[in-house]
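Everything below concerns the one structure shown next.
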Amino acid sequence: MLRARRQLAWLLVLAVLLAVLASALGRAAQAGDEEQPSVATVRARASNPIAGERLYAICAACHGTEGGGRVAGEIPVIAGQHPGVLIRQLVAYRNGVRWDVRMEHAAQIRRLGDAQAIADVAAYVARLPTPLGNQRGAGQNLNIGANIYDRRCRNCHGAAGEGSAVRDVPRLAAQHYGYLRRQFFDVLEHRRPELEASHSAAMQGLDRDAIDGIADRLSRFKPAKNSR
Ligand code: HEC
Ligand code: HEC
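FYI, in numbering that gives the first Met the number 0 the residues of the sequence shown are 0 to 227.
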């Protein structure tokens, strides 16, 4: 009888220890998930664009209050980008999968905040109307660009560069020419490994004129209606 009771006591102690351990592990995993959240974690949050507007002050310093970016410094237009695409990019910078010191700094948990903050700021940016007056190319290779775009890119990025909110394909319409052009060279020079992997076939064998033409063509598409 006494032995049975002692065994029971030990079992209870063991159960309590296991529970404490499990909760500590759970909390650690949760903290890690906030520090380096997955796209799925961020998407699962109900986003609040009003909270996002407050957070956007961090971004406005570079991307401007309207989200139009800046030609100097090759800061992209982000206003009106699909929310899923914005989330993917912010997570990629935070997790060190996409490299740019300025964005890696801005997307840090200490600066931007947790997974909820990423969801909120993305919701706000997705609702901003795309400002007009982006930088365009010189117009020299537009025919080559239009031709290649229609054959290789249009299927995914849309007839007018509108992308797809459902498939998380970025809107490229009315983006700054210089920024777009640099993305291609970043791929060719292995500075965007994810984009390189997903676009190796589409971007294969493009020469300078083709890259110039595609970037120019995209910069001239009229911004489509926001998906949010
Ligand atoms: C210090 C300047 C700076 C700040 C602050 C900043 N950004 Fe950026 N952002 C950039 C630059 C420069 C790039 C282009 C980087 C590259 O080429 O990868 C960029 C790229 C991006 C992209 C990728 C665009 C695309 O087309 O793929 C997104 C999305 C973005 N920023 C959102 C934000 C948000 C949201 C904030 C605020 C939380 C923010 N940025 C704060 C400078 C900044
Ligand atoms: C199979 C579909 C598909 C095709 C074909 C395709 N893209 Fe994409 N593209 C995507 C997706 C999806 C992303 C987002 C990738 C990510 O989040 O890393 C993307 C991202 C991009 C970006 C990065 C935008 C940014 O600022 O981060 C550029 C630039 C781009 N594509 C240009 C092109 C061009 C030019 C072509 C044709 C030569 C092309 N793509 C063909 C699906 C496609």
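Glycine included, C-beta positions come from ideal geometry on N, C-alpha and C.
This one's a predicted model, so the numbers in the text were calculated from it and none came from an experiment.
Where the alpha helix (DSSP H) containing residue i begins and where it ends
i	result
C58	48–62
N146	141–147
C155	153–156
G83	82–93
Q203	Careful: Q203 lies outside any alpha helix (DSSP H) and carries neither H nor E.
G212	207–219
A228	Outside the displayed span of the chain (0 to 227) sits residue 228, for which this structure offers no information.
Q35	First-last for Q35: undefined, no H or E at that position.
R181	176–187
L194	192–198
V100	100–105
Own chain partners of residue i with C-beta closer than 7 Å, once the 5 adjacent residues on each side are dropped
i	result
C155	V168
W98	R190
P75	G68, Q174, H175, Y178
Bridge partner(s) assigned by DSSP for residue i
i	result
I74	R69
G120	The sequence given here has Val at residue 120, not Gly. Paired residue(s): none; V120 is not in a bridge.
V168	S163
Among the options, nearest to residue i - alpha-carbon criterion
i	options	result
R101	V165, A21, G144, E73	E73
V90	I77, Q107, R5	Q107
L127	L16, P48, V15, R44	P48
E161	S226, L13, I147, V124	S226
R153	D206, A201, I86, V84	A201
Y123	Q80, R5, S197	Q80
A71	R219, Q6, R181, K224	R181
I210	G157, G63, N146, A60	N146
G136	E193, D206, I213	I213
A50	A114, N94, R2	A114
A78	I86, Q88, E65, V84	E65
A223	D208, G157, F183	G157
I41	S218, A116, F220, S163	Note that residue 41 corresponds to Val in the displayed sequence, not to Ile. Nearest C-alpha to V41: A116.
A118	R166, D215, L54, P192	L54
F220	G95, A43, A172, C58	A172
Chain-order list of residues whose beta-carbon lies under 8 Å from that of residue i (same chain, five-residue window excluded)
i	result
H189	E195
G95	E103
Close-in-space but distant-in-sequence residues of the same chain around residue i (CB under 6 Å, 5 per side omitted)
i	result
Y92	M102, E103, A106
C61	I74
S46	A118, D119, A122
CB contact below 8 Å: residue i versus chain D
i	result
G204	The displayed structure is made up of one protein chain only, and chain D is not part of it.
When you compare the region 31–40 with the region 137–152, are there three or more beta-carbon pairs, one atom per stretch, that lie closer than 8 Å? Using a Cβ-Cβ distance cut-off of 8 Å, the region 31–40 and the region 137–152 are not in contact, since fewer than three pairs of beta carbons, one from each stretch, lie closer than that value.
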